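A.B. asks:
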Amino acid sequence: MFRIVSSAVLCGVAFAAAASPAPAVANVAAQQPDAATKAVVRRGLDYLARTQSQQGYWAAGNGGYRAAMTALAGTALLAEGSTTTRGRYAPNVRRAVDYLLSVSRENGLIGSESDSHYTYGHGFGMLFLAQVYGEEEDQERRTELKGVLNRAVKFTIAAQTSRGGWGYVSAKEGNDFDEGSTCVTQVQGLRACRNAGIPVPKDVIDRANKYIRDCMTPEGGVQYSIKGGGARPAISGAAIACLFSAGEQDDPMAQKLMEYCEKNIWPADGGASAGYGGYWHYKHFYYAQVMYRDPERWPQYRDFLAGQIRPKQTTGGPNDGAFVDGQIGPAYVTAMNCTILQLDNGFLPIYQR
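Position 7 of the sequence shown, counted from 1, bears residue number 7 in UniProt numbering, the numbering being contiguous throughout.
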């Protein structure tokens, strides 16, 4: 996104869906990934730790999107169980937090105002810092994080468009433009903040949910924006993750959206749309959060994802342990893949069952 759905600048290729028989329900007892998958995750996280800049950030392949890449990579490290004070990657988590705090503005924006798609980094930044805040033991650092998150929430509220969505920049700067992928990042960031005890007005979330509803097509998918663009599996998977994290899984809209995702992401298409690029990772990054909430189907879906991801890991050279898609950059893909494969750890409240 960072135009994840609107262009190939950061996310890759489009997919064509093809139907195949739905898989059988997996054994509920098979709840943990196998040793090979755990080894893949360890190598991926080691790559992230090794390539973090001295200033604490990660960046896309073009050197940009530092707030977004740092938040995503930091989230992958948190999913392993590390915090700012404990765990294998504690020094990396601390430096990531320090960097994001250093780029937090007085107006509440987390990131650079010169970034033409700063909303993504802001949303991912809220999500990451809210998870850190919930585990932070140092009172002085907690106070600092709380202030940053309170300002970040206020910025997101002010940036919301008249229709309830968000664009690449604030509504004022972007002439009230909005689209689905940015809406998703803000909703999850706000939910993470609320879960951590940061006040978030209910009407802001309600307006965002209505925006998603207004973007739905007759077949149940979510299109690029209210103005059109056709139903897109990647945005649809992200949208349903937002609804589920908001406790809206029993809403008829969520049920219809789930049916669309089952036909266009998994299991009905059996992964036929697995053009391994930015869209693939974004789509499954969010859809995995939804499927993880279903303990009966999750093991089989997780194993499907692991089978897609494991062979793509780089062996040897400076990118050893990384996943490279040739579009956004290895930090993005590696962070998303490692987070997906660590959902079973259950360390991140926003993704828990």
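A virtual CB, placed ideally from N, CA and C, is assigned to each residue, including glycine.
Note that the structure is a prediction, hence the values are computed from the model and not measured.
What whole-angstrom Cβ distance do Leu190 and Ile205 have, given they're in contact under 8 Å?
C.D. replies: Here residue 190 refers to the residue found at position 190 of the sequence shown. Here residue 205 refers to the residue found at position 205 of the sequence shown. About 6 Å separates the two Cβ atoms, so the contact holds.
A.B. asks: So, is Pro233 buried or exposed, given that buried needs 16 or more other C-beta atoms within 10 angstroms?
C.D. replies: One-based indexing of the sequence shown puts residue 233 at position 233. Classification for Pro233: buried.
A.B. asks: Just to confirm the assignment: which complete alpha helix (DSSP H) runs, minimum length 4, are found wholly within the region 158 to 198?
C.D. replies: Segments of the alpha helix (DSSP H) lying fully in the region 158 to 198: 180 to 195.
A.B. asks: Apply the 10 Å Cβ neighbour rule to Thr85 and answer buried if 16 or more other Cβ atoms are within range, or exposed otherwise.
C.D. replies: Counting from 1 along the sequence shown, the entry for residue 85 is found at position 85. Exposed is the call here.
A.B. asks: Based on the DSSP output, what are the partners of Ala231 in its beta bridges?
C.D. replies: On the sequence shown, position 231 is the one that residue 231 refers to. DSSP output for Ala231 lists Gln223 as bridge partner(s).
A.B. asks: DSSP on Ser104, reduced to helix/strand/coil?
C.D. replies: Taking the first residue of the sequence shown as position 1, residue 104 is located at position 104. If DSSP states are grouped into helix, strand and coil, Ser104 belongs with the strands.
A.B. asks: Identify the continuous alpha helix (DSSP H) that holds Lys202 and give its terminal residues.
C.D. replies: Here the question's residue 202 lines up with position 202 in the sequence shown. Start and end: Lys202 to Asp214.
A.B. asks: Going by the DSSP bridge assignment, what does Ile110 pair with across the sheet?
C.D. replies: Mapped onto the sequence shown, residue 110 falls at position 110. Paired residue(s): Ser104.
A.B. asks: From what residue to what residue does the alpha helix (DSSP H) around Lys263 run?
C.D. replies: As a first step, residue 263 must be located in the sequence shown, where it is residue number 263. Pro252 to Asn264 is the extent of the alpha helix (DSSP H) around Lys263.
A.B. asks: Which of the three DSSP states is assigned to Phe285 in this structure?
C.D. replies: Working through the sequence shown from its first residue, we reach residue 285 at position 285. Looking at Phe285 - three-state DSSP - the assignment turns out to be helix.
A.B. asks: For Ala39, count neighbouring Cβ atoms within 10 angstroms of its own Cβ and tell me buried if that reaches 16, exposed if not.
C.D. replies: On the sequence shown, residue 39 is found 39 positions in, with the first residue counted as 1. The residue in question, Ala39, is exposed, as its Cβ has fewer than 16 Cβ neighbours within 10 Å.
A.B. asks: With a threshold of 8 Å (Cβ to nearest heavy atom), would Ala71 be considered close to the ligand MG?
C.D. replies: In the structure on display, the ligand MG does not appear, and there are no ligands present to speak of.
A.B. asks: If we ignore side chains and look at the alpha-carbon of each, how far apart do Asn345 and Ala238 end up?
C.D. replies: The count along the sequence shown starts at 1 and reaches residue 345 at position 345. The count along the sequence shown starts at 1 and reaches residue 238 at position 238. Between Asn345 and Ala238, the C-alpha separation is close to 21 Å.
A.B. asks: Is the distance from the Cβ of Ala159 to the Cβ of Thr185 below 9 Å?
C.D. replies: Counted from its first residue, the sequence shown places residue 159 at position 159. Counted from its first residue, the sequence shown places residue 185 at position 185. Against a cut-off of 9 Å, the Cβ pair of Thr185 and Ala159 comes out as no contact.
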